[in-house]
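This report concerns only the one structure given below.
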Amino acid sequence: MSNPLVDMEKPDVIFAIGTNMTECHPVAATRLKKAIARHAKMVVVDPRRTRLARMADLYLPIRVGSDVALLLGMAHVIQREGLVNEAFVRERTAESEAFLEHISQFTPAWASEITGVPAADIEKAALMYGGAERGAIYYTLGITEHICGVDNVQSLCNLALMTGHIGREGTGVNPMRGQNNIQGAGDCGAVPANFPGFQPCHDPASIEKFSELYQTPIDPGKGITKVAALNECGKSIHAMLIDGENTIVSDPDRKHCEHALKSLDHLVLIDIFLTETAEFADVVLPATSWGETDGVCTNTERRVQRLRAAVPPVGEAKPDWWIVSEIAKRLGTPGFDYQSAKDVFNELCSVSPIYAGLDWDRIDKSEYQWPVPDKEHPGTPVLHEKEFKNGKGLFKVIGYRDPAEVVDADYPVWLTTGRRLQSYHTRTQTGRAAGIDYLLSEESMEVHPDDAAAWKLVDGGMARMSSRRGAVEIRVRVTDQSPRGTVFASFSFADVPINILTGSGYDPVTDTAELKVCPVKIEPLADC
Amino acid sequence: MNALKDSPKVGTMTLDGMAVEFTEGETIYDVAQRQKKQIPTLCYDPRLEAFGACRLCVVEVEGIRNPVASCTTQAQPDMVVRTRTEALEKHRKTLLELVTSENRQLSVDPLSGFASQELSNLVVQYDAATGRFQGKQSGTSNKDDQNPFILRDYDNCISCYRCVRVCAEQEGDYAINVKNRGFHTQIIAEFDNDLRDSSCTFCGQCVQTCPTGALGDKKALRAEAKPGEITKTRTICPYCGVGCSVDILTKNEEIVGVQPAMDGPANEGALCIKGQFAFDFVQHEERLKKPMIRREDGELHECEWDEALDFAAAGFRRVRDTHGRQSIYGVASGRAPHEAAYTMQKFIRASFGTNYIDNCSRS
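Chains R and Z supply the protein sequences, listed in that same order.
According to the working numbering, the first sequence holds residues 674 to 1201 in order.
According to the working numbering, the second sequence holds residues 3 to 365 in order.
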């Protein structure tokens, strides 16, 4: 997030797009509720009439995968109505001319054709956000899990840049991160394009720095993504070390994924349970869990916080860092003689400029949001206050593209996937927490009442849902939370493996899967 | 331009004989809290609008005949306030004696919730369990609600409305209502249903703010009879990226519950159902306890660490020697700490000289 969580109580206009926040980030959503109680206005863009959508002053029920068109239409109106923040654009941004020229062709009527949202509501949304004193954008995977995920994010940045809703209290472009330390995994350099602290793998100085630190020459340029690596399994990739991921259930296109892991010569898993993915492993190593592990995590607002062990590990479980270090030592790799999590974290701080002012003891009270470039620095709750990372904020010229697969006669229904309040990811944890089943005991497909009638589905009955990649049998839940022509299911339950269906396409820049769009067909099943 | 940054006006008042400053809009209670005055409360939760129901926070203000509730009275310039006099303390004790006369259970297990000790602590402090008032008891327990998370024992309810208010003001859920008034006040879920049939999200905030144990953490209370002291360990919730601060409650090396940290920067006391109640995977019987290797029979078998690590390393060495260093890939976790992600990327970069490392964020 460009801005801290406390800022969520301060905007006068909230623009929430592709975020089911009351279910996926419930505590953050309480802050939006407080802002609304203090008379902030909220626009919600989502294919589904979520709880957040029902709280909105203006709800735009967008067709899945059409976000770019909507955002172009909004940008068009903001310019047409003279709501561009001229001073901000002049002083803080670059390449605005091409962008402002580009958007002049995308009228709300054009956007309405693609998105299914009435043109008048696109106008209203643009006037609300563009006319705000403090407008803030919040988004989640509804923006990124598309073949155009990067385009979606860039389009949101364009809106923030043209209105100047960034770099100030109560504004910003704010992705809500979905996992407790997914921000931290990036901070630590567990990505193919960056060393720790987002030092680029194509930067000669960084390559030299880490080759020296790690006492081995590191290939210049970025490595391949996990998605590409799975495609290469059995071809150029022959061994994998996977830490704490139930790849088989969480990743798109399950059959492809199973085939990939089966093709490996050597698969080592580190996890706390024997997950569905362990079926393909040659070695499974038991890690200590949350509650048993000392360590550090970074939250969605870049706050670096301490995790503390409350109980001893079960059995012979060991911390991940110890396990990885022991394997490294056996391969003769130097630099893994850590005695504690503190040793590891302090090494990270010493090699990462955004953590240079931090160490194990300084983060004890959760006070710091990175970047913290030196020991005197108070941390950075709001990014981009004076200037952007590379000086000017760059506008990007973006065009609309259809999803990888669109509905047709064979697969006439849009499936969009996501999460639910009571379960987390593949339920390796919430599925083992007593009581959760009382509220959510099985997966279901959410269908609009009119569609259910037309497709001869019964509330509580069973249906077969198929895509070009596979089929699942699933309980039907009739609800007006789904729009007509679009159904929803989560990927939480291993016995209804929704990701057999998904995997239609990937963003060409990030390789992020288009998990939010998958054309399917739906047939009723006689109850067993 | 920015109203949020306007500096508020400052005034001076007298508090227990000392001149103290306050800013416009602050209540007498706010000012007294800053001065570390011990003023008892029951209906007060710093996160919620002041309510003025329990009257325990009364103070004397010169020029006003009766004591006033400090939580709802704004500080004024030149006000002269006394927070602790013999008359006030007697008044408070009488109020507590009245409260205890209609509520049965004075000893409440601290596993019930974060604020569950407030009433019993005050009764002890004021020596108010005197039985001075005898009479009818108010509130009707609703132990029939079969939900596995929230105990609803309204026999102990004192109608402070903290649960109603936290659900409305903090959560915006409005799942908890009030039926009847006065002595017959009854806290209910919407339409007097079970919580599951209301808009309750089981965030547990009502449980954590209840000052009497009328609402209790059913999961934590499973450990009520277990021996041992309750220990609290401050950490961060293991689920989404908001990063809520929590205290893990343990008894004899067993995790028995979770309470929100009121001073957590990300959550300021709030939690959701997962962070509040989904902790027991940690010591679940299905946890992996020993390393496992797939042997010739094609099955995974438990083994010792040394053998497993040797086997893991040998496999990577074999693949590197056969297919080259660009044939090995690492996937770090967005669920494990920094130390896991950092060593994972270092393992790949330092062992094989590649950037063949990623995490689970693309799916």
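By construction, the Cβ of each residue, glycine as well, lies at the ideal position given by its N, Cα and C atoms.
Counting only beta-carbon atoms, is residue i nearer than 8 angstroms to chain Z?
i	result
LEU678 (chain R)	yes
PRO684 (chain R)	no
GLY837 (chain R)	no
ALA878 (chain R)	no
GLY804 (chain R)	no
PHE883 (chain R)	yes
ALA904 (chain R)	For the record, residue 904 (chain R) in the displayed sequence is Asn; it is not Ala. Answer no: the Cβ-Cβ gap between ASN904 (chain R) and chain Z never drops below 8 angstroms.
GLU1078 (chain R)	no
PHE946 (chain R)	yes
CYS1201 (chain R)	At CYS1201 (chain R) the pLDDT is 49, less than 50, meaning the model places this residue with poor confidence; the figure from the coordinates comes in the next sentence. Not one chain Z Cβ lies under 8 angstroms of CYS1201 (chain R).
TYR1084 (chain R)	no
ILE816 (chain R)	no
SER1039 (chain R)	yes
Assuming the contact rule is C-beta atoms closer than 8 angstroms, residue i and residue j should be a hit. Round their C-beta distance to whole Å, please.
i	j	result
MET681 (chain R)	ALA708 (chain R)	6 angstroms
ILE897 (chain R)	VAL977 (chain R)	No, ILE897 (chain R) and VAL977 (chain R) are not in contact; Cβ-Cβ is about 29 angstroms, not under 8 angstroms.
VAL957 (chain R)	LEU942 (chain R)	5 angstroms
LYS145 (chain Z)	GLY1108 (chain R)	In fact, because the Cβ distance is near 16 angstroms, the residues do not count as touching under 8 angstroms.
THR345 (chain Z)	ARG981 (chain R)	At roughly 19 angstroms, the Cβ-Cβ gap does not stay under 8 angstroms, so THR345 (chain Z) and ARG981 (chain R) are not in contact.
ASP249 (chain Z)	ALA263 (chain Z)	6 angstroms
ALA334 (chain Z)	ILE295 (chain Z)	Not confirmed; about 23 angstroms, so no contact.
ALA902 (chain R)	ILE915 (chain R)	The Cβ separation is near 10 angstroms, so there is no contact.
VAL33 (chain Z)	ALA77 (chain Z)	5 angstroms
GLY332 (chain Z)	PHE349 (chain Z)	6 angstroms
Nearest CA to the CA of residue i: which residue from the options?
i	options	result
VAL781 (chain R)	R:ALA767, R:MET801, R:VAL750	For the record, residue 781 (chain R) in the displayed sequence is Pro; it is not Val. Cα-wise, what sits closest to PRO781 (chain R) is R:VAL750.
GLY1066 (chain R)	R:LEU731, R:HIS1057, R:TYR1073	R:HIS1057
LEU53 (chain Z)	Z:CYS162, Z:CYS274, Z:ASP249, Z:LYS38	Checking the sequence, you will find Phe at residue 53 (chain Z) rather than Leu. Per the Cα distances, Z:CYS162.
PHE185 (chain Z)	Z:ASP129, Z:GLY317, Z:ASP196, Z:CYS159	Z:CYS159
TRP783 (chain R)	R:TYR1073, R:VAL1079, R:ARG1141	R:TYR1073
VAL1045 (chain R)	R:ARG1092, R:ARG975, R:SER923	R:ARG975
VAL1189 (chain R)	R:ASP1123, R:VAL1079, R:LEU1113	Looking at the sequence shown, residue 1189 (chain R) is not Val but Lys. Among R:ASP1123, R:VAL1079, R:LEU1113, the Cα nearest to that of LYS1189 (chain R) belongs to R:VAL1079.
ARG1003 (chain R)	Z:THR25, Z:ALA310, Z:LYS92	Z:ALA310
TRP307 (chain Z)	R:LYS683, R:ILE996, R:ALA951	R:ILE996
ARG1105 (chain R)	R:PRO1051, R:ASP1124, R:PHE1061, R:PHE1166	R:PHE1166
LYS1059 (chain R)	R:PRO873, R:ARG704, R:GLU764	R:GLU764
VAL717 (chain R)	R:HIS932, R:ILE816, R:ALA1125	R:ILE816
VAL381 (chain Z)	Z:VAL110, Z:GLU226, Z:ILE66, Z:THR87	In the structure as shown, chain Z begins at 3 and stops at 365. Residue 381 (chain Z) is therefore absent and cannot be evaluated.
PRO240 (chain Z)	Z:ALA131, Z:CYS305, Z:PRO229, Z:PRO339	Z:PRO339
State yes or no: is the C-beta of residue i within less than 8 angstroms of the C-beta of residue j?
i	j	result
GLY245 (chain Z)	ASN825 (chain R)	no
PHE1161 (chain R)	GLU1119 (chain R)	yes
GLN347 (chain Z)	CYS861 (chain R)	yes
THR766 (chain R)	PHE1068 (chain R)	yes
MET694 (chain R)	MET849 (chain R)	yes
ARG736 (chain R)	GLY789 (chain R)	yes
PRO1192 (chain R)	SER1139 (chain R)	no
ASP924 (chain R)	ASN1172 (chain R)	yes
THR1103 (chain R)	ALA280 (chain Z)	yes
THR1175 (chain R)	ASP926 (chain R)	yes
THR85 (chain Z)	VAL63 (chain Z)	no
GLN852 (chain R)	CYS242 (chain Z)	yes
PRO1125 (chain R)	VAL1149 (chain R)	A small fix is needed here, since residue 1125 (chain R) is Ala in this sequence, not Pro. For ALA1125 (chain R) and VAL1149 (chain R), yes; Cβs fall inside 8 angstroms.
Is any beta-carbon of chain R found at less than 8 angstroms from that of residue i?
i	result
ILE275 (chain Z)	yes
ASP368 (chain Z)	Outside the shown range of chain Z, which is 3 to 365, sits residue 368 (chain Z), and nothing can be said about it.
ASP398 (chain Z)	What is shown of chain Z runs 3 to 365, which leaves residue 398 (chain Z) out entirely.
SER375 (chain Z)	Residue 375 (chain Z) lies beyond the range of chain Z shown here (3 to 365); nothing can be said about it.
CYS205 (chain Z)	yes
PRO229 (chain Z)	no
LEU290 (chain Z)	yes
ASP368 (chain Z)	Outside the shown range of chain Z (3 to 365) lies residue 368 (chain Z), about which nothing can therefore be said.
GLU341 (chain Z)	yes
THR29 (chain Z)	no
I want to check one thing, is the minimum distance from the CB of residue i to the heavy atoms of the ligand NAP below 7 angstroms?
i	result
CYS906 (chain R)	With respect to the ligand NAP, the structure offers nothing, as it holds no ligand at all.
Cβ pair count under 8 angstroms reaching 3, the region 724 to 742 of chain R against the region 1007 to 1018 of chain R: no
Meets three-Cβ-pair contact criterion under 8 angstroms: the region 180 to 194 of chain Z and the region 235 to 255 of chain Z: no
Touch test, the region 153 to 167 of chain Z against the region 212 to 222 of chain Z, Cβ-Cβ under 8 angstroms, three pairs minimum: yes
Stretch pair the region 283 to 301 of chain Z + the region 262 to 270 of chain Z: three plus CB contacts closer than 8 angstroms: The answer is no - the region 262 to 270 of chain Z does not touch the region 283 to 301 of chain Z, with fewer than three Cβ pairs under 8 angstroms.
Cβ contact (3+ pairs, closer than 8 angstroms) linking the region 944 to 959 of chain R and the region 287 to 304 of chain Z: Put simply, the region 944 to 959 of chain R touches the region 287 to 304 of chain Z. At least three CB pairs are less than 8 angstroms apart.
Contact between the region 347 to 365 of chain Z and the region 326 to 338 of chain Z (3+ Cβ pairs under 8 angstroms): yes
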